[in-house]
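Heads up, the working numbering is the position in the sequence shown plus 16, with the first residue counted as 1.
Encoded as structure tokens, the structure appears first; notes follow it.
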Amino acid sequence: MSSIGSKEAKGVLSQLIQRAEGGETIRITKYGRDAVVIISAERYERLARNLMEGN
């Protein structure tokens with residue numbers, strides 16, 4: 017999992033999206049703390065479905 021600060025992420029958002037679409041998980045930090053994680057929509061749907069099914 018890659019990690020990047022929120023200020024830096026602003027300038028490279030398109031690249032981060034492409035990387036997430038390629039299967040990478042990207043953690044964005046704010047003030048040195050985890051803030052959000054970017055994953056592909058496909059992966060999100062799979063995780064959400066598994067949670068709803070109790071897997």
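The beta carbon of each residue, even a glycine, is placed where N, CA and C say it ideally should be.
- The three-state reading of DSSP puts S22 in helix, counting H, G and I together.
- Under DSSP, V52 forms a beta bridge with I44.
- Setting aside the 5 residues that flank it on each side, S18 is surrounded in the same chain by I42, each with a C-beta closer than 6 Å to its C-beta; the list follows chain order.
- Taking the Cα positions, R62 is about 23 Å away from L29.
- With fewer than 16 other Cβ atoms from the protein chains shown falling within 10 Å of its own Cβ, I33 counts as exposed.
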